[in-house]
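J.: Letter 84 of the sequence shown, counting from 1, is numbered 95 in my numbering, and no numbers are missing.
Virtual Cβ for every residue (Gly too), placed ideally from N, Cα, C.
All values reported here derive from a predicted model rather than from experimental measurement.
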Amino acid sequence: MTIDGKPVCKRCLLADFDVDGLYKKISELIDVMPQDVKADNELYQKRLDICKGCTALENGICKECGCFVELRAAAKKNYCPSVYKYWGSEE
Ligand code: SF4
């Protein structure tokens, strides 16, 4: 499947296909998040790597909670909503 000529897979993050500028909007929300609230880049990428390998990820959305994973992973205090808590206990 493609959107705007870019390949889209179930396990894609919004950053991978950015339909209707949605990723841009999510990025803007992350950009204005206070630094003391925001996960550092290493932690953020580590969380997203876990999401990309998770069967609950579908088109950038976590099926466990309905969140955009890129937004959920950006806040330091957040955690994976799965009963297995795949990330969030690393801090
Ligand atoms: S269940 Fe956890 S690891 Fe899986 S997509 Fe949702 S937030 Fe990511």
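Give a yes or no on contact between the region 49-59 and the region 79-98, applying the rule of three or more CB pairs nearer than 8 Å.
T.: yes
J.: What number of angstroms, rounded off, separates the C-alpha of E53 from the C-alpha of C62?
T.: 14 Å
J.: So what does K49 bridge to, in DSSP terms?
T.: A86
J.: Going by DSSP, name the residue or residues bridged to L68.
T.: C73
J.: Excluding five sequence neighbours on each side, which residues of the same chain lie with their C-beta closer than 6 Å to the C-beta of E69?
T.: Here the set comprises K21.
J.: Ordered along the chain, which non-local residues of its own chain (more than five positions away) have a Cβ less than 8 Å from that of I41?
T.: K49, E81, L82 and A85
J.: Within 10 angstroms of the Cβ of G32, are there 16 or more other Cβ atoms? Answer buried if so, exposed if not.
T.: exposed
J.: From S38 to V30, what does the alpha carbon distance come to, in whole angstroms?
T.: 13 Å
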